[in-house]
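A quick write-up on the structure given underneath.
Protein chains in written order, with our numbering: chain A, 3 to 550; chain B, 5 to 364.
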């Protein structure tokens, strides 16, 4: 039998891969498809993987399904940008709108562990006011969550991932000490620091989900810099190597290469389980509850693809909002050349950060905020940027690549506004499973453009102040996905409530980045995991009161 | 008998000033230090002057009786075979000090070789500690082997250079920290040049100078340094050195997030030893000395055990010992923990001098 995890499932016969040992296995409990498990979870990323772990630890029977392979990073990851594209969700999709999104590397993942397998590990808390963006800051909508409660869940996640962060974080209310100390800041990060100090704003080493000291069988980060194509040493604290081993230990079953095509329901309208494709045929797993955690494109796609005579517009869609309010984050950059050697690819890509414009409300002509971070693009990505953004080709591209070790850049993660016109719908085309593929429509609004312009001008100043020359703007990039099944207090204006439970179907839950009503100016993974932890606690409390 | 030694005076005073700064947050301890015989008070000076003018009356009879009893007890405690003359005790202590100086010098040599190699010898001054530590090591081994009682001018000179080099290294390392963005920040304390490391060379120099002072006494005299009994001065220096090493281990183990529970040991055991040794320097009593001796022995063992923990720590890095050429540089520094051993051994030597002094 082939051991290519892209073709043959690994989590079979009572065992799952031991992700921390070459060729290793750990025992895995398995459930019968006809036994209704307490929770069938679709997706094992930041939302689904975290929730699977917490629910299993609370004693629920859990089957978590993922369309992606079950990697052992020590065996399966190469230091090769092309090869590692296997981690991205590159199935057929249609993109349109005024600013069609580029889907793949920095906004999707097709792996057990989801996109955390290749994320940049930046683990930031929301600014507290963002949870009440409408009432406190005058834009977007309010979340149904209280920041003080979220602060506790952030601490839980930071501890579960042993986040390596600064001793004192310069912005926002007091937070507990990060479990591990910050990493040494590389030369690219020090350029950010010099720029920030010259402009008189605070900067900080970035809190990262990669350990700066040994943790169990995770060695400390060795600064290879291949983080965003998959960490092959397991220093990165992804869902794959943190929550999921815990989930297996607590009795959860994980099914890899299992593509869920439909959530089924009974006559009463309650969901009964998931229809999924694995090992060459369609199967059905019964479940008392279904959690959809496929991220902002696959989650609405699954809900819309599950339309029935009872729910002709798709599941949980009485508000008509499933698929709407898709949000990405601005990911524009300024780049320049330093006389001294920088070698920006050394270490995690974003070792220094400033959240100044997330926490400062004056001097802005836009709503929302942005953080910017130092950058370490790998050579293939960098040559792609040079050719697509600056039109360099042939000898000029070769000449520019010779200066790779001297290039330096700053890049934002910027908050873009929720708009109903930005949405995921179903196209007529079908994918390899015979399922309608998604059409992803995206356009910036004027506020988005003002934020981007502000950030580019400011980062240009910062880079100049740090001594960079030949500065140019990369104007066309986005990252992360959020929204399409927003949470709220009102069934008419939201898809799920604060507990991630759908308003329409009480045993259908959505737990991933889709539930974000607004997106904030920080990378979303920590918030997704914090929401998953809160959801697990709420489910436990509801179950104790027999309200599931 | 006191020999004028302005260099040693200066350095020892700097060390004591450092200790005072460390203790700023603890006024009660400062008060104790201020009351201690290490720092002469106005009253001490006045009393000394008064004694010069009018020699004090002989001590009262009951005091003398008590002293005789104490002496009798001590004589009873030690078998005649083990009872050595002051000369023997002093000579042995001096060579033990040479020994701990040798150990410290070796550790500085190994540590600065590894760490400065890691830093690619970016500055040529980074070769200096290797050369000076090697000289100090050679001098100390010579001292250890040298059965002649007297001090040796070459050794003495090397030790002085080592002490000054360590202080210069502190300045270099402080500059390295402060020049980086963020200045005096946790990040730079963690990852820039380790602030406390060059201090080990200064300590080696100081203890080596001490060893030479102790050697160089006339028969039937007790060695003194800075006008103080040598044992107590050296105990104070060792205690300050232990405290500084605790600070260094604390900082770096904090950087490692105390991820292994054993990482707490070097910030719990040696501080007790340092405090007891300090107490013995200030006010030696039989009980303090005995306790100090025990904790110093424990600290010495811990220093050696620490190497084992650090070997394990290197193994926990990616590739383990198979990838030694990277991980020895990246992992916990192997030569660091035995600094505790070197200083604890110096402390034990100082204690035996103190006991000899107080047994008089």
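Note that beta-carbon positions come from the ideal geometry of N, C-alpha and C, so glycine has one too.
Out of the options, point me to the one whose CA is closest to residue i's CA.
i	options	result
residue 383/A	347/A, 51/A and 456/A	347/A
residue 76/A	137/A, 232/A, 138/A and 95/A	232/A
residue 113/A	101/A, 92/A and 102/A	92/A
residue 134/A	144/A, 125/A and 128/A	144/A
residue 323/A	57/A, 426/A and 434/A	426/A
residue 45/A	70/A, 27/A, 12/A and 30/A	70/A
residue 96/A	206/A, 444/A, 460/A and 180/A	444/A
residue 34/A	121/A, 275/A and 361/A	275/A
residue 293/B	331/B, 335/B, 354/B and 71/B	354/B
residue 158/B	144/B, 343/B and 290/B	144/B
residue 213/B	200/B, 229/B and 225/B	229/B
residue 263/B	304/A, 182/A and 236/A	182/A
residue 466/A	65/A, 422/A, 456/A and 338/A	338/A
residue 307/B	331/B, 349/B, 320/B and 291/B	349/B
residue 101/A	261/A, 26/A and 448/A	448/A
Taking a contact to mean a Cβ-Cβ separation below 7 Å, would you say residue i touches residue j in this structure?
i	j	result
residue 527/A	residue 48/A	yes
residue 229/A	residue 350/A	yes
residue 123/A	residue 212/A	yes
residue 270/B	residue 253/B	yes
residue 358/B	residue 235/B	yes
residue 170/A	residue 353/A	no
residue 293/A	residue 513/A	yes
residue 524/A	residue 335/A	no
residue 134/B	residue 106/B	no
residue 380/A	residue 388/A	no
residue 263/A	residue 437/A	yes
residue 296/A	residue 306/A	no
Note down the Cα distance separating residue i from residue j, rounded to an integer number of angstroms.
i	j	result
residue 197/B	residue 185/B	14 Å
residue 231/B	residue 101/B	19 Å
residue 108/A	residue 177/A	28 Å
residue 223/A	residue 267/B	19 Å
residue 521/A	residue 344/A	32 Å
residue 415/A	residue 406/A	23 Å
residue 251/A	residue 73/A	18 Å
residue 87/A	residue 469/A	35 Å
residue 37/B	residue 287/B	Note that residue 37/B scores a pLDDT of 48, beneath 50, so its modelled location is shaky; the value from the coordinates is reported in the next line. The straight-line gap from Cα to Cα measures roughly 10 Å.
residue 119/A	residue 248/A	16 Å
residue 296/B	residue 277/B	6 Å
residue 146/A	residue 358/A	26 Å
residue 549/A	residue 309/A	26 Å
residue 453/A	residue 537/A	32 Å
residue 336/B	residue 233/B	38 Å
residue 20/A	residue 201/B	41 Å
residue 86/B	residue 118/B	The predicted model places residue 86/B with a pLDDT of 45, which falls under 50 and marks its position as unreliable, so this point remains unresolved.
residue 457/A	residue 530/A	25 Å
residue 207/A	residue 116/B	27 Å
residue 298/A	residue 431/A	19 Å
Which chain E residues are close to residue i, counting only those with a beta carbon under 8 Å from its beta carbon?
i	result
residue 170/B	Absent from the structure is chain E; the protein chains it does hold are A and B.
What first and last residue would you give for the beta strand (DSSP E) that runs through residue i?
i	result
residue 267/A	261-267
residue 512/A	510-512
residue 372/A	372-376
residue 481/A	480-484
residue 54/A	Taken as a continuous stretch (DSSP letters only), residue 54/A belongs to no beta strand (DSSP E), being part of the alpha helix (DSSP H) at 50-59.
residue 417/A	409-417
residue 331/A	329-332
residue 428/A	425-432
In the DSSP output, which residue or residues are listed as bridge partners for residue i?
i	result
residue 41/A	64/A and 291/A
residue 488/A	Looking at the DSSP assignment, residue 488/A forms no beta bridge with any residue, so it has no partner.
residue 453/A	Partner(s): none; residue 453/A has no beta bridge.
residue 503/A	511/A
Would you give the residue range spanned by the alpha helix (DSSP H) that residue i belongs to?
i	result
residue 540/A	527-546
residue 192/A	189-201
residue 297/A	297-307
residue 259/B	234-259
residue 337/A	That residue, residue 337/A, is in no alpha helix (DSSP H); its beta strand (DSSP E) goes 335-339.
residue 356/A	Premise fails: residue 356/A lies in the beta strand (DSSP E), 354-356, not in any alpha helix (DSSP H).
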